[in-house]
């Protein structure tokens, strides 16, 4: 059951961040001059949306114990890998569609920052699954 706490933390962290990215990248595509304001909005939103996942990570570490077989970690690991792949593809696709030429470098920079923010909790969750191996 504990491996799924880490999956829940990754899911609850990633989808709000992807939603924030989608809303803010659309604003950046419309008006590239608001780069600082859009980035500030993203950072504040990420900070607020990661509160519950961080608490879940702490709870998972407090309850962590080795699993009896490695096969208990296969499904949570596969789910986490799919979440990571989905996040990267989602962000790159949003960064490539409908981008004006003058905003291309700003949106690329914004996308790379967003990828790192979106993948922070899933990477912690994957490492946690490795720590649970027998």
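Residue numbers (the UniProt record's numbering): 1 to 134.
Heads up, the beta-carbon is just placed ideally off N, CA and C, and yes, glycines get one too.
Selection from the options that minimises the alpha carbon distance to residue i
i: residue 93; options: 25, 11, 13; result: 25
i: residue 57; options: 19, 13, 81; result: 13
i: residue 18; options: 66, 106, 131, 50; result: 50
i: residue 28; options: 3, 110, 44, 11; result: 110
i: residue 83; options: 1, 2, 7, 3; result: 7
i: residue 101; options: 5, 31, 81, 16; result: 31
i: residue 130; options: 112, 16, 80; result: 80
i: residue 89; options: 64, 112, 73; result: 112
i: residue 76; options: 15, 55, 123; result: 123
i: residue 11; options: 40, 85, 66, 44; result: 85
i: residue 5; options: 97, 87, 55; result: 55
Rounded Cβ spacing between residue i and residue j (contact assumed at less than 8 Å)
i: residue 95; j: residue 108; result: 6 Å
i: residue 135; j: residue 128; result: Since the first residue of the chain shown is 1 and the last is 134, residue 135 is not available in this structure.
i: residue 36; j: residue 125; result: Going by Cβ atoms, the distance from residue 36 to residue 125 rounds to 31 Å, so no, they are not a contact pair.
Contact set for residue i: own chain, Cβ-Cβ below 8 Å, skip 5 residues either direction
i: residue 34; result: 27, 28
i: residue 68; result: 134
i: residue 64; result: 2, 128, 131, 132
i: residue 103; result: 28, 29, 32
Residue j beta carbon less than 8 Å from that of residue i
i: residue 48; j: residue 21; result: no
i: residue 132; j: residue 3; result: yes
i: residue 117; j: residue 38; result: no
i: residue 71; j: residue 91; result: no
Cutoff 6 Å; reference residue i; Cβ partners in own chain excluding five residues on either side
i: residue 78; result: none
i: residue 16; result: 49
Contact with chain D by residue i, beta-carbon distance below 8 Å
i: residue 54; result: Given the protein chain composition of this structure (a single chain), no chain D is represented.
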